[in-house]
Every structure is written in structure tokens, then in C-alpha cells.
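Input: a single structure, listed below in C-alpha cells.
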Amino acid sequence: MYIKKILLLIVAITLVGGSIFSYSVYNKIFDSNTNFDEATKEVYIPSGTSFNEVITKLTPYLRDVNSFVWLAKKKGYANRVKPGKYVLIKGSNNNQLITNLRSRNIPVKVSFNNQERLENLAERIAAQIEVDSLSLIKTFTDPEFLKKHNFNLNTALAMYVANSYQIFWNASAEAFRDKMLKEYHRFWNEKRLAKANTIGLSPEEVITLASIVHKETIKIKERPRVAGVYMNRLKLGMKLDADPTVIYALKKSENNWGRVIKRVLRKDLKLEHPYNTYKNKGLPPGPIAMPDISAIDAVLNYEKHDYFYFVADVENFGFHKFSKNLRQHNNYSSKYHKWVNNKGIKR
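To convert, take the position in the sequence shown, counting from 1, and add 10; that gives the working numbering.
Spelled out as C-alpha cells, the structure:
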């Protein structure tokens, strides 16, 4: 009888202990374990981050670090940390948190426009995702890639269409570049390719001309008319005489990309350089900057007219005066130069 009581007591203790253990395990897995008031918290985990470094990042956001560590090890996450951007949701339990960190890498929005060179683009992208600018520029200028896809160092910038894109924060330089190639081909759909063919320009030539149009005017509604002026000149074999190409040529020849040039002088027009359209007929070797989509479409849908010249309108800032002949253009031009001189703009 006495032994029976002891056995029953042992069973009871075992059941109670098992229940307590089970309850403890349940809590470690399924109890809420976040420690922040916001709806979500974003966490960036760089490539090569160790589990201990992840814990350091997560500690401010966890109510019970030890229980998270315990389950992370049980589920194998401690040995398979994955880089990327992750979102922690308020009220999540350890199981949910680990599932997020294992399989829910969230893309980030990457934006760029108006970049003058590949180097500028690389810096811009490196500020938004994990990869560094040196890796990006090396990838952008890879000779085998450029040759395979019919680009060269002069036209390579044309492949990057100014816009916003979704990409993983931990994407490699090659992954970013390859995505941009896909986006380039998506942009140049059948409709745009047909329009480029109709006006007798390749996509790279359209972007090169668009880069000049973009630099010439900030007024989107004026861009088709400016594009029309340059198309008229190209058709007649006239030099483009585009001031933005002279500015680009000056910067490139001096390798001084931080230089600010507000006024193009007569002596500048004499610069012997492939990008100086005052000295060379046709389009320059490549884009002088990254045009936005409105400038590209302005070239594809350029306004058909009889204008061959234009100059800044001193009475309507930001717009231009267009002329059909040189006499009229010289009249408008003299007013502009008088205005510039009065403003004291010498360079």
C-alpha cells in the first residue's frame, strides 16, 4: 500500500513536471516576443553576418532574447543566417520571427535619374543597397558583358532607364546590372522600337539625343519641339550645335566632373573633342547624361515643324524662342546674350 502511494506520487510529479515543461516550451515558441510599440521594425542583415551579430541587432526588439536564441538553434537558423531586409511585426512569436528571417527577404525600392556618368550611377545605387560602388562600376564596365549586349563604354549608360525599381537589398552588382538589362528590354517594347525605326535611330541613339534634349530644357511639354529641331538638323546633315555637349566635352577633357559651367564661351566651341557637336556632325558617341523617360519619348514622338534654331527666352524663364532661319535666331540670341551680360554671368 505504501509503495503504491509512492508510485502514484511519482507519476503525479512526472505529469506535473511534464506539463510545466510543455507549457514552458509552448511559451518559448508561441508567446509574443516583440518589444517595440510601432507596427513593424525593419532589420537589415548584411552578407556574412554571424548569428551572434544577428542577435545583437535583434536584442532591442525582443522581449526575451534567450527564448529566441533557443528556438533559432532548434530550427537551424543559427547556422543558416540569410542576408537581406526583413520586417519584424509587432506581436510576433519566436516561430513567426524566425520564419520571417529565414524566408521573407523584402525587396527595396531603388530610384535613380539624371546621372551624368556610370560612376555617378554606381554611387547612387550603392547608397540604396548593400553592394559598394567599386563593385558596381566594375560590373557596369565589364567588356565581355558590354560586347555581348551590343554596348560600349560610351553607350553603356543608355542601358539604365531612369525610374524606380524593386530589388533585394543584398543583391550583387551582377544581379543589379542584369535586372537593369531586363528592364531596358522591357522599356524598349515593340511600340517604342517601331517608333525608333521609323525615325531612323537605334535605341542607343534615341537615348543619346534624349540626353541632349533633357539638358536643353526642364520643361517637359517643350521637349518634343526641341527634339524636332535636332531631328531637322540631323536630316539635313547640319551640326547639332548643342551647348550641353560642349559642357560635357569640357568636363570630360579635363576630367573635372564637379565643374559648374553656366555659360558656354565662343572659345569653348572650338574644342576638338568627339562630344563637341559644334565641331562634329551627327550625334555624339553616347549619352551626355541619363535622360528621363519624358525626354526619350519626346524624341520618339518629336514635333514636326520647320524650326532649326532655339535660344533661351529671357521673358519666359525656362522656355525657349524658336526660329526657322538664322536671321531671326540671331535677333533672339542677341537679346539673350545681353540679358546674360547684365546678370554678370561670365562662366
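Heads up, the beta-carbon is just placed ideally off N, CA and C, and yes, glycines get one too. Bear in mind the structure is a predicted one, so any value in this text is a computation, not a measurement.
Residue i - containing alpha helix (DSSP H), residue span
i, result
"THR255", "253-264"
"PHE78", "75-84"
"ASN45", "Unbroken run through ASN45: none, as it is neither H nor E."
Cβ-based neighbour list, residue i, same chain, cut-off 6 angstroms, excluding 5 preceding and 5 following
i, result
"TRP267", "LYS261"
"ALA252", "ILE222, THR287"
"ASN105", "ILE39"
"HIS339", "TYR319, SER333"
Local Cβ density within 10 Å of residue i, reported as buried at 16 or more and exposed below that
i, result
"ILE355", "exposed"
"LYS280", "exposed"
"PHE40", "exposed"
"ILE257", "buried"
"GLU140", "buried"
"LYS148", "exposed"
"PHE31", "Confidence is the limiting factor: at PHE31 the pLDDT is only 47, short of 50, which leaves the residue's position unreliable and the question unanswerable from this model."
"ASN335", "exposed"
"THR208", "exposed"
"VAL270", "exposed"
"SER174", "exposed"
"LEU10", "As shown, the chain starts at 11 and ends at 357. That puts residue 10 outside it, with no answer to give."
Between the CA atoms of residue j and residue i - distance to the nearest angstrom
i, j, result
"SER182", "ALA308", "34 angstroms"
"LYS51", "ASN326", "49 angstroms"
"ASP121", "SER143", "Here residue 121 is Ser; the residue named in the question, Asp, does not match the sequence. For SER121 and SER143, the distance between alpha carbons rounds to 15 angstroms."
"ASN89", "TYR96", "18 angstroms"
"SER34", "ILE65", "For SER34, the pLDDT reaches just 49, beneath the cut-off of 50, and the residue's location in the model is therefore unreliable, although a value from the coordinates is still provided. Going from the Cα of SER34 to the Cα of ILE65 covers about 21 angstroms."
"ILE230", "ASN351", "28 angstroms"
"LYS245", "ALA136", "41 angstroms"
"LEU163", "LEU146", "14 angstroms"
"LYS353", "LYS119", "42 angstroms"
"ILE108", "ALA82", "7 angstroms"
"PHE161", "GLU154", "10 angstroms"
"ALA49", "TRP80", "25 angstroms"
"VAL75", "THR69", "6 angstroms"
"GLU200", "GLU193", "14 angstroms"
"LEU310", "ASN242", "14 angstroms"
"LYS205", "SER60", "52 angstroms"
Sub-7 angstroms separation of residue i and residue j beta-carbons
i, j, result
"ALA168", "ILE217", "yes"
"PHE46", "TYR71", "yes"
"PRO117", "PHE178", "yes"
"TYR312", "ALA237", "yes"
"ASN103", "ASN43", "yes"
"VAL324", "TRP349", "yes"
"GLY94", "ASN180", "yes"
"LYS331", "TYR342", "yes"
Span of the beta strand (DSSP E) around residue i
i, result
"PRO70", "Where PRO70 is concerned, there is no enclosing beta strand (DSSP E), given that its DSSP letter is neither H nor E."
"VAL120", "117-122"
"THR50", "50-55"
"LYS229", "LYS229 -> no beta strand (DSSP E), and no H or E assigned at all."
Residue-level contact to chain C via CB, residue i, 7 angstroms cutoff
i, result
"THR208", "Here chain C cannot be found, since the structure has a single protein chain."
Nonlocal neighbours in the same chain, by C-beta distance under 7 angstroms from residue i, ignoring five residues either side
i, result
"ASN214", "A quick correction: the sequence has Glu, not Asn, at residue 214. Result list for GLU214: THR165, ALA168, in chain order."
"ASN123", "ALA172, MET300, ASP302"
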